[in-house]
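Heads up: the structure comes next, in structure tokens.
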Amino acid sequence: MTETRTGLVTGATGYVGGLVVKKLLDDGWRVKILARDEDKALGKTWGDEVEIVEGDASERADVAAALEGADCAWYLLHSMGDGAGFAQEEADMARQFGEEAKRAGVGRIVYLGGLHPQGEEMSEHLASRVRVGKILMDSGVPTAVLQAGVVIGDGSLSFQLLRHVTERVPAFIAPNWITNKITPIGARDIAFYLVAAADLPAEMNRTFDVGGPDSMPYVEMMQRYAEAVGLHRRPYVTAPIMTRKLAAWGLGVLTPLAYKQILPIFESVSVDTVVKERDLEALVGTPEGGNQKFDDAVREAAKSTDPGWYGATATPLHAAAVVAGALSGRPLVQVPVNLAAAVAGTIVAGNAREDGRSPWPAVAAAATVVAAASAISRVTSRRR
Numbered sequence: 271m272t273e274t275r276t277g278l279v280t281g282a283t284g285y286v287g288g289l290v291v292k293k294l295l296d297d298g299w300r301v302k303i304l305a306r307d308e309d310k311a312l313g314k315t316w317g318d319e320v321e322i323v324e325g326d327a328s329e330r331a332d333v334a335a336a337l338e339g340a341d342c343a344w345y346l347l348h349s350m351g352d353g354a355g356f357a358q359e360e361a362d363m364a365r366q367f368g369e370e371a372k373r374a375g376v377g378r379i380v381y382l383g384g385l386h387p388q389g390e391e392m393s394e395h396l397a398s399r400v401r402v403g404k405i406l407m408d409s410g411v412p413t414a415v416l417q418a419g420v421v422i423g424d425g426s427l428s429f430q431l432l433r434h435v436t437e438r439v440p441a442f443i444a445p446n447w448i449t450n451k452i453t454p455i456g457a458r459d460i461a462f463y464l465v466a467a468a469d470l471p472a473e474m475n476r477t478f479d480v481g482g483p484d485s486m487p488y489v490e491m492m493q494r495y496a497e498a499v500g501l502h503r504r505p506y507v508t509a510p511i512m513t514r515k516l517a518a519w520g521l522g523v524l525t526p527l528a529y530k531q532i533l534p535i536f537e538s539v540s541v542d543t544v545v546k547e548r549d550l551e552a553l554v555g556t557p558e559g560g561n562q563k564f565d566d567a568v569r570e571a572a573k574s575t576d577p578g579w580y581g582a583t584a585t586p587l588h589a590a591a592v593v594a595g596a597l598s599g600r601p602l603v604q605v606p607v608n609l610a611a612a613v614a615g616t617i618v619a620g621n622a623r624e625d626g627r628s629p630w631p632a633v634a635a636a637a638t639v640v641a642a643a644s645a646i647s648r649v650t651s652r653r654r
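In the numbering used here, the protein residues as written are 271 to 654.
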């Protein structure tokens with residue numbers, strides 16, 4: 271009888287971490303997780319099937335307790351912060367995790383990093399992921415660093431952004447980098463590869479690119495998402511002056527995602543992030559049925575959404591929320607909006623400071639546009 275293996279998952283209450291936990295349980299692993307909030311972990315569908323170590327990944331004693339008895343550890347922690355020193359904090363946490371994993375006799379670490387171009391300047395967030403991967407590989411514990419692009423799944427921040435932008439904005443002005451190529455990956459597939467990496471030969475200590483069978487520009491992902499859920503393709507024009515911060519601020523107004531969540535995503539996709547090798551597939555195989563095609567992954571992820579609702583008519587109340595957010599210095603819109611609010615958001619964002627707040631001159635312009643546009647806007651995104 272094969273002895274049950276024990277896996278530690280950090281970041282388990284996040285989307286990808288939760289996928290890994292479920293896959294491990296399905297495959298017969300004993301699962302431990304390190305979580306800051308035990309109640310939040312218990313609220314997951316698998317909460318009563320895992321051993322929860324309540325603690326913080328920045329605390330050495332908590333990390334040591336969580337790693338005790340683990341055969342493999344999944345390091346799935348990423349900062350979405352933009353404060354000074356976040357990259358150093360990520361590096362320090364990774365170094366400490368590697369040291370404690372070696373001390374505990376862990377056989378392998380699996381880390382989820384990001385696809386990135388070779389020899390090109392990277393954003394601070396993407397560069398930090400690369401650095402964390404190198405730190406873990408230098409820890410003395412065999413480490414598999416899986417480098418992925420946009421994950422297509424209903425709980426993925428990258429997918430949520432893609433969905434909200436496509437459904438809420440019928441036409442848009444886009445930055446030039448929207449034509450950069452990306453290799454997305456389905457949620458089912460990323461969980462498969464992360465878990466399968468535990469079975470790599472002990473001498474394997476390297477990075478692996480992982481992705482679906484399709485590579486395409488980000489804008490094509492938007493268009494194919496629209497078609498997959500029954501919406502019209504979105505007309506757009508590119509504008510060189512549309513910076514990442516400007517675009518992130520505007521979409522922070524138009525979508526439920528915050529500026530600080532959107533900016534790291536835009537920084538990652540503003541360069542080509544494509545799969546350059548598929549060595550891991552040769553070593554562990556592929557998911558049953560092969561890697562999931564983009565359109566199939568979208569349809570599966572979109573089952574829990576209602577595109578028509580997100581494309582609903584903007585009301586004066588929604589418009590007022592945009593203006594109120596500008597007046598207060600904080601975006602208050604967390605409800606469906608459409609072109610009227612999009613126009614206003616563009617005007618406000620056009621004068622946005624880097625901290626995401628709008629100066630007073632933009633408020634009057636936004637209010638004028640909203641008042642006029644919301645009175646005549648009856649835009650719907652549904653096919654008729």
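Glycine included, each C-beta is placed from N, C-alpha and C at the ideal position. The structure presented is a predicted model; accordingly, all values stated were derived computationally and were not measured.
Notebook entry, point to check: What number of angstroms, rounded off, separates the C-alpha of LEU550 from the C-alpha of LEU294?
Noted result: As a working mapping, residue 550 is identified with position 280 in the sequence shown. As a working mapping, residue 294 is identified with position 24 in the sequence shown. Taking the straight line from one Cα to the other gives about 18 Å.
Check: Under the rule that 16 or more other beta-carbon atoms within 10 Å means buried, what is GLY482, buried or exposed?
Finding: For the purposes of this step, residue 482 is taken as residue 212 along the sequence shown, with counting starting at 1. Classification for GLY482: buried.
Next item on the list: Output the distance between the C-alpha atoms of LYS314 and GLY287, rounded to the nearest integer angstrom.
Entry: In the sequence shown, residue 314 corresponds to position 44, counting from 1. In the sequence shown, residue 287 corresponds to position 17, counting from 1. If you take the alpha carbons of LYS314 and GLY287, they lie about 12 Å apart.
Margin query: Does the stretch 527-536 come into contact with the stretch 456-472, if we say contact requires no fewer than three beta-carbon pairs (one atom in each stretch) closer than 8 Å?
Written below: With a cut-off of 8 Å, the stretch 456-472 and the stretch 527-536 do not count as touching, because too few Cβ pairs lie within range.
Next item on the list: Give me the Cβ distance between VAL541 and MET392, rounded to the nearest whole Å; I'm assuming they're in contact under 8 Å.
Entry: Counting from 1 along the sequence shown, the entry for residue 541 is found at position 271. Counting from 1 along the sequence shown, the entry for residue 392 is found at position 122. Confirmed, Cβ separation roughly 7 Å.
Check: So, is PRO534 buried or exposed, given that buried needs 16 or more other C-beta atoms within 10 angstroms?
Finding: Taking the sequence shown and counting its residues from 1, the one referred to as residue 534 is at position 264. Under the 10 Å beta carbon count, PRO534 is surrounded by 16 or more other beta carbons and is classified as buried.
Next item on the list: Reducing DSSP to helix, strand and coil, say where VAL553 ends up.
Entry: For this step, residue 553 is matched to residue 283 along the sequence shown. According to the sequence provided, residue 553 is Leu. The question's Val does not apply to it. Assignment of LEU553 by DSSP, reduced to helix, strand and coil, places it in the helix class.
Notebook entry, point to check: Can you list, in chain order, the residues of its chain whose CB lies under 8 Å from that of THR616, leaving out five sequence neighbours each side?
Noted result: Translated into positions along the sequence shown, residue 616 becomes position 346. Note that THR616 has pLDDT 41, beneath the 50 cutoff, so the model's placement of it is unreliable and no number is given.
Notebook entry, point to check: Can you check whether the CB of LEU382 is closer than 7 Å to the CB of ALA336?
Noted result: Working through the sequence shown from its first residue, we reach residue 336 at position 66. Working through the sequence shown from its first residue, we reach residue 382 at position 112. Remark: C-beta atoms of ALA336 and LEU382 do not approach each other more closely than 7 Å.
Notebook entry, point to check: Just curious, the alpha helix (DSSP H) that GLU360 is in, first and last residue?
Noted result: Start at 1 with the first residue of the sequence shown, and residue 360 comes out as number 90. Element bounds for GLU360: 356-374.
Note to self: Report the CB separation of ALA480 from ILE452 in whole angstroms; it is logged as a contact under 8 Å.
What the structure shows: On the sequence shown, residue 480 is found 210 positions in, with the first residue counted as 1. On the sequence shown, residue 452 is found 182 positions in, with the first residue counted as 1. According to the sequence provided, residue 480 is Val. The question's Ala does not apply to it. Incorrect: roughly 13 Å between the Cβ atoms, too far for contact.
Check: Three-state secondary structure (DSSP) at LEU385?
Finding: As a working note, residue 385 is residue 115 in the sequence shown. LEU385: coil per DSSP, three-state reduction.
Next item on the list: Identify, in the order they occur along the chain, each residue of the same chain with its Cβ nearer than 8 Å to the Cβ of PRO412, setting aside the five sequence neighbours on each side.
Entry: Reading the sequence shown from its first residue, position 142 is the one you call residue 412. Same-chain partners within the cutoff: GLY377, ARG378, ILE379, LEU470, ALA472, GLU473, MET474, ASN475.
Notebook entry, point to check: First and last residue of the beta strand (DSSP E) that includes ARG433?
Noted result: In the sequence shown, counting from the first residue as 1, residue 433 sits at position 163. Looking at the DSSP string, ARG433 is not in any beta strand (DSSP E); the run it does join, the alpha helix (DSSP H), is 427-438.
Item checked: Beta-carbon proximity list for LEU464, same chain, < 7 Å, skipping 5 on both sides -> Position 194 of the sequence shown, counted from the first residue, corresponds to residue 464. VAL290, TRP344, VAL380, LEU382, LEU416.
Next item on the list: Return helix, strand or coil for TRP226, following the three-state DSSP convention.
Entry: Coverage of the chain is limited to positions 271 through 654, which leaves residue 226 absent and any answer about it impossible.
Checklist line | Beta-carbon contacts of ASP297 that lie in its chain and below 7 Å, excluding the five residues immediately before and after | finding: Taking the first residue of the sequence shown as position 1, residue 297 is located at position 27. In its chain, beyond the 5 residues on either side, VAL465 have a beta carbon closer than 7 Å to the beta carbon of ASP297.
Note to self: Which residue wins for smallest C-alpha separation from GLY389, given the options GLU570, LEU553, THR543?
What the structure shows: Locating residue 389 in the sequence shown gives position 119, where the first residue counts as 1. When GLU570, LEU553, THR543 are compared, the shortest CA-CA separation from GLY389 is found for THR543.
Check: Using a Cβ-Cβ cut-off of 7 Å (strictly less than) and excluding sequence neighbours within five positions of ARG600, which residues of its own chain qualify?
Finding: Your numbering for residue 600 matches position 330 in the sequence shown. Its pLDDT being 40, under 50, ARG600 is placed unreliably by the model, and nothing is read from it.
Next item on the list: Please name the residue, chosen from LEU312, GLU437, ASP566, that lies closest to ASP484 on a Cα-to-Cα basis.
Entry: Numbered from 1 along the sequence shown, position 214 holds the residue referred to as residue 484. Of the candidates LEU312, GLU437, ASP566, the one whose C-alpha sits nearest the C-alpha of ASP484 is ASP566.
Note to self: Are the CB atoms of ARG399 and ALA498 within a distance shorter than 7 Å?
What the structure shows: Stepping through the sequence shown from its first residue, residue 498 is reached at position 228. Stepping through the sequence shown from its first residue, residue 399 is reached at position 129. For ALA498 and ARG399, no; Cβs fall outside 7 Å.
Next item on the list: Sort out for me which residues DSSP pairs GLN417 with in a bridge.
Entry: As a working note, residue 417 is residue 147 in the sequence shown. GLN417 is bridged to GLY383, ASP479.
Checklist line | Buried or exposed (CB count within 10 angstroms, at least 16 for buried), ALA518 | finding: Numbered from its first residue, the sequence shown carries residue 518 at position 248. When all chains shown are included, ALA518 counts as buried.
Notebook entry, point to check: Given LYS372, which residues of its chain have a CB within under 7 Å of its CB, disregarding the five upstream and five downstream residues?
Noted result: Counting from one through the sequence shown, the residue named residue 372 turns up at place 102. For LYS372, the CB contacts under 7 Å within the same chain, skipping 5 residues up- and downstream, are SER409, GLY410, VAL411 in chain order.
Next item on the list: Between the Cα of ARG330 and those of GLY368, GLU437, GLU319, spot the shortest distance and give me the residue it belongs to.
Entry: Here residue 330 corresponds to residue number 60 of the sequence shown, with the count starting at 1. Nearest option by C-alpha distance: GLY368.
Next item on the list: Starting from GLU278, follow its DSSP beta bridges and name the residues at the other end.
Entry: Counting from 1 along the sequence shown, the entry for residue 278 is found at position 8. According to the sequence shown, residue 278 is Leu rather than Glu. Note: LEU278 sits in a beta bridge opposite LYS302, ALA343.
Notebook entry, point to check: Can you tell me the Cα-Cα spacing of LEU553 and ALA467, whole angstroms?
Noted result: Along the sequence shown, one-based indexing puts residue 553 at 283. Along the sequence shown, one-based indexing puts residue 467 at 197. LEU553 and ALA467 have their C-alpha atoms roughly 9 Å apart.
Check: Mind checking ILE511: buried by the 16 CB within 10 Å criterion, or exposed?
Finding: Sequence index remark: in the sequence shown, residue 511 carries index 241 (1-based). Label assigned to ILE511: exposed.
Checklist line | Burial state of PRO445 (16 or more Cβ within 10 Å) | finding: In the sequence shown, residue 445 corresponds to position 175, counting from 1. Buried, since its Cβ has 16 or more Cβ neighbours within 10 Å.
Margin query: Suppose contacts are defined by Cβ-Cβ distances below 7 Å. Is VAL333 in contact with VAL320 by that definition?
Written below: Taking the first residue of the sequence shown as 1, we reach residue 333 at position 63. Taking the first residue of the sequence shown as 1, we reach residue 320 at position 50. Cβ atoms of VAL333 and VAL320: not closer than 7 Å.
Check: Got a sec, what are the start and stop residues for the alpha helix (DSSP H) VAL465 sits in?
Finding: Position 195 of the sequence shown holds residue 465. Note, VAL465: alpha helix (DSSP H), 457-466.
Check: Around the Cβ of LEU524, are there at least 16 other Cβ atoms within 10 angstroms (buried) or fewer (exposed)?
Finding: Here residue 524 corresponds to residue number 254 of the sequence shown, with the count starting at 1. LEU524 comes out buried.
Notebook entry, point to check: For PRO387, which residues from the same chain have a beta carbon less than 8 Å from its beta carbon, with the 5 sequence-adjacent residues on both sides left out?
Noted result: Here residue 387 refers to the residue found at position 117 when the sequence shown is read from its first residue. These residues qualify, in order along the chain: VAL541, ASP542, THR543.
Checklist line | Per-residue DSSP class, three states only, for PRO454 | finding: By 1-based counting over the sequence shown, the position of residue 454 is 184. In this structure, PRO454 counts as coil in the three-state DSSP scheme.
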